[in-house]
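K.L.:
Residues 1 to 489, numbered by my numbering, are exactly what the sequence shown covers, in order. Positions of the beta carbon are idealized from the N, C-alpha and C atoms, including for glycine. Mind looking over this structure? Questions follow.
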Amino acid sequence: MEAHLLLEARLPMVGSATDFTYKWCVNMGLSRDDAAKMALATDEVLTDILLHGYKNESGYIEIWFQYTFSEIEIAIQEKGEPFDPEKHTYNADRAIKDHDFEGAALKTIRKMTDQFLFLNRGKDGKEFRLVKQFTSSHIKDLLPDHLDPEDLDEPEADCDYLLTPATTEDAEDIAKLIYRSYSYTYSKEDLYFPKRIETAIKHEYKFGTIVRTEAGGPAGYFAVIKSTDSMIGEVGEAVVSPNHRGRGLMKKMMNELIKMSKQRGLLGLFGMASTFHIISQKVNDKFGFRSTALIIAKSPQKLYKGMASQASEVVSVVMDFLPLTRLWRKPIILPDEYEDILSEIYAQFTGQNRRIGTEPPSSQDADQTDLGLTINYETQNVLITVKDYGKTFETSCLRLFRSIDELNLNAIYIDLPLKSTRINGAVEWLKEQGFIFSGLMPLFHQEHDFMRMQKIMIETDFDKINTYTELAGKLKSLIKKEYDAVQKR
C-alpha cells in the first residue's frame, strides 16, 4: 500500500500533506506518537523547501510513501534552488545569544526520525529521505521468562495435518514457530514480531499457508512476499517445527503457494537461497526453480541453529526463478559482455514448454536518466534501478554514488533494463567503477527483465560460497574472476 503525492509548491499544500502523512503512517502500523513525529518531520522538510527552494518560482514536490516490514520511509523529491545541509548547522549558543535558529529545522527532523538522508542529484533535483522503524513486541516478550524455545514444540506423534491460508489471527503462532525452530538466529528478524506479521498479512504484502495439527497447534508456515513494483513474489519465509519435519510438509506448502500465486495472477516466483548451505537451493531446484543470479553480501552474518560453523561474514544468495506464465519473452537486447551467460540462463527455461520469444527494444531512448533508489538500512546495501539510461547516465550515477557514500554499505546493486543498446556503454562504464556481474533478474521491475551488476564493498571469501546447480556454479566462477580482477587494481 505505497502512496505517491504530487504537490504544487505552495504553502497551503503543506497542511494537507502533513495530515495525509500522519493518517497513512497510522494505517500502516506506526504508533500514533511515531506517526506524529513523521508528520512533523515531513512538515519541516516541506516548509523549508517552499521557503528556500521555491521562494521566487513555481514548481512541484513529489512525496513517496514506502512500507517495509520493519520501517516506514518517506522520500521527498524537488527541483528547487540548490541546497547544502552541511552549511546550515544548528548552534544552540548562537540561537540563545543572537536568536539565529539556522539549521534548527534539520536538527528537528533528525530528532523525529530514525534515519535522515539528503541526496543531491544535481540536475535531477534533490531528495530527502525520512525513516521511522516500527516498535512492537518481540515474541520473547510475550512468553514466560526463561522459557527454552524447544519447550514450545509439541511432542512428536503421527497425526493428520490441515493446511489453511495464513491470516492475521495466525501472527503470534507464526512468530512462535520461528522462535522454537531457530531460537534467535532466523535471518528475517521481522518474523519475531507478531504485530509486523499481522500488518503485512492485513495489507496483503505477503500471503501464505500455515499447517496445523489435529489439535490445532502450528507445525509449519510458508509465505510469498509480493514485489512492490512487479507482478512477482519471493518465496522468502519458510519453517517447519522440529518435531514435524520429514513428513512432507514443506512439499505440501510449496505446492499450495504455487497454486495461490497463480490464483493471484503472479507471473513468477523467486527465491533467495543462502550459499553457506545448499538445502534451500536443493528445495528450489526440486520445484522447478532455475538459478539466474548470484548476489554477494546480501545481508549481514546470521548464525543459524546448528550451522554456526558454516556461517560466513556475510550471507550471499543464489537467485532462483520459477515462471508462472507462458507469455514471458526473452528480450532482443543483451549486453555484448554477458550475452553468452545470459543466453545460457534463459536456455534453462526453454525446455519447460515456455514460449520465450523476443520483443522489440524501446523505440526511443530518453534524454534524461531516471534512477530509482532503494536503501536497506538493516542489511546495509542499496539497489539502484535504472528506469531510463538517458544521455546523463554516468553523471547521474556519480551524483547518486556520492550521496549514498555516508551509509557505510556492504554492497551496491544496480539493475539495468534489457531494452536499449545503451546497456553496452553502461556496462563498460560500471565495470570501470568497480562493478561486476551478478545475473538476470527476471520480470523484476514493471514486468520487465533486468541484468544486475554489483559493487562489493567488503572482503568476500568465495570458498564459503556454496552452490548446488551447474548454472549457479558457472555464475560463481565468473563473478569470482571479476571480483579478483577488481581487488588487484
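Measure the beta-carbon distance from E214 to D160 and round it to whole angstroms, keeping in mind my assumption that it falls under 8 Å.
P.N.:
With a Cβ gap of about 6 Å, E214 and D160 count as contacting.
K.L.:
Return helix, strand or coil for L327, following the three-state DSSP convention.
P.N.:
It is coil, neither helix nor strand.
K.L.:
Report buried or exposed for N56, applying the criterion of at least 16 other Cβ atoms within 10 angstroms of its Cβ.
P.N.:
That one is exposed.
K.L.:
Which class does Q487 belong to by DSSP, given the choice of helix, strand or coil?
P.N.:
The answer is helix: DSSP assigns Q487 an H, G or I state.
K.L.:
What residues are listed by DSSP as bridge partners for I456?
P.N.:
BP columns for I456 point to A411.
K.L.:
Which residue comes first and which comes last in the beta strand (DSSP E) that contains R245?
P.N.:
Careful: R245 lies outside any beta strand (DSSP E) and carries neither H nor E.
K.L.:
Taking the beta strand (DSSP E) that F401 belongs to, which residues open and close that run?
P.N.:
Segment 393-403 is the alpha helix (DSSP H) holding F401; no beta strand (DSSP E) there.
K.L.:
So is P82 buried or exposed if we call it buried at 16+ other beta carbons inside 10 Å?
P.N.:
So P82 counts as exposed.
K.L.:
Which runs of the beta strand (DSSP E) fall wholly inside the segment 183-240 and span at least 3 residues, in chain order?
P.N.:
Correct list: 206-213, 218-226, 232-240.
K.L.:
Run the CB neighbour count on S16, radius 10 Å, all protein chains shown included, and call it buried at 16 or more, exposed below.
P.N.:
Burial call: exposed.
K.L.:
Return helix, strand or coil for P82, following the three-state DSSP convention.
P.N.:
Coil, per DSSP.
K.L.:
Which residue marks the beginning of the beta strand (DSSP E) containing Q66, and which one marks its end?
P.N.:
Start and end: 60-67.
K.L.:
Taking the alpha-carbon of A293 as reference, which of D463, E428, M441 has the nearest alpha-carbon?
P.N.:
Closest option to A293, Cα to Cα, is M441.
K.L.:
For K129, which of F444, H138, T374, A9 has the nearest alpha-carbon?
P.N.:
Reading the sequence as shown, one finds Arg at residue 129 and not Lys. Among F444, H138, T374, A9, the Cα nearest to that of R129 is on T374.
K.L.:
Return the chain-ordered list of same chain residues with a C-beta closer than 8 Å to the C-beta of T135, the five sequence neighbours on each side being excluded.
P.N.:
Here the set comprises S31, D34.
K.L.:
Are Y483 and I414 touching if we call contact CB-CB under 7 Å?
P.N.:
Result no, Cβ atoms of Y483 and I414 do not sit closer than 7 Å.
K.L.:
Would you tell me roughly how many angstroms separate the C-alpha atoms of Q115 and L478, rounded to the nearest one?
P.N.:
Roughly 36 Å between the two C-alpha positions.
K.L.:
Using the three-state DSSP reduction, which class does A297 fall into: helix, strand or coil?
P.N.:
It is a strand residue.
K.L.:
G268 and P323 - do their beta-carbons sit closer together than 7 Å?
P.N.:
Contact flag set, yes.
K.L.:
Measure the Cβ-Cβ separation of E237 and A219 and say whether it is below 7 Å.
P.N.:
Cβ atoms of E237 and A219: not closer than 7 Å.
K.L.:
Less than 8 Å between C-beta atoms, sequence neighbours within five positions excluded: which residues of the same chain meet that for F393?
P.N.:
Here the set comprises T369, V386, R422, G425, A426, W429.
K.L.:
Rounding to the nearest angstrom, what Cα-Cα distance links N255 and F450 in this structure?
P.N.:
In a straight line, the C-alpha of N255 is about 27 Å away from that of F450.
K.L.:
If I follow the unbroken beta strand (DSSP E) through R264, where does it start and stop?
P.N.:
Where R264 is concerned, there is no enclosing beta strand (DSSP E), given that its DSSP letter is neither H nor E.
K.L.:
My output table needs one value for K55: the three-state DSSP class, helix, strand or coil.
P.N.:
In this structure, K55 counts as coil in the three-state DSSP scheme.
K.L.:
DSSP three-state label for S291, please.
P.N.:
Correct three-state label for S291: strand.
K.L.:
Flag this pair as yes or no: are the beta carbons of I225 and A166 separated by less than 7 Å?
P.N.:
No, they are not a contact pair.
K.L.:
Buried or exposed: L6, going by 16 or more other Cβ atoms within 10 Å of its Cβ?
P.N.:
By the 10 Å Cβ count, L6 comes out exposed.
K.L.:
Helix or strand or just coil, what does DSSP make of A490?
P.N.:
Within the shown structure, residues of the chain are numbered from 1 to 489, placing residue 490 beyond reach of any answer.
K.L.:
Tell whether a beta-carbon distance below 7 Å holds between V315 and K298.
P.N.:
Against a cut-off of 7 Å, the Cβ pair of K298 and V315 comes out as a contact.
K.L.:
Figure out for me which residue from I258, K474, L177, D285 has the closest Cα to the Cα of H244.
P.N.:
Out of I258, K474, L177, D285, L177 has the C-alpha closest to the C-alpha of H244.
K.L.:
Using three-state DSSP, classify K140 as helix, strand or coil.
P.N.:
K140: helix per DSSP, three-state reduction.
K.L.:
Alpha carbon to alpha carbon, how far is G208 from Y221?
P.N.:
Approximately 7 Å between the Cα atoms of the pair.
K.L.:
Would you tell me roughly how many angstroms separate the C-alpha atoms of A75 and W24, rounded to the nearest one?
P.N.:
Roughly 14 Å between the two C-alpha positions.
K.L.:
Between the beta-carbon of A171 and the beta-carbon of I139, is there less than 7 Å?
P.N.:
No, they are not a contact pair.
K.L.:
Evaluate E71 with the Cβ neighbour count: other Cβ atoms within 10 Å of its Cβ, from every protein chain shown; 16 or more gives buried, anything less gives exposed.
P.N.:
Label assigned to E71: buried.
K.L.:
Would you call G248 buried or exposed, if buried means 16 or more other Cβ atoms sit within 10 Å of its Cβ?
P.N.:
G248 is exposed by the Cβ-count criterion.
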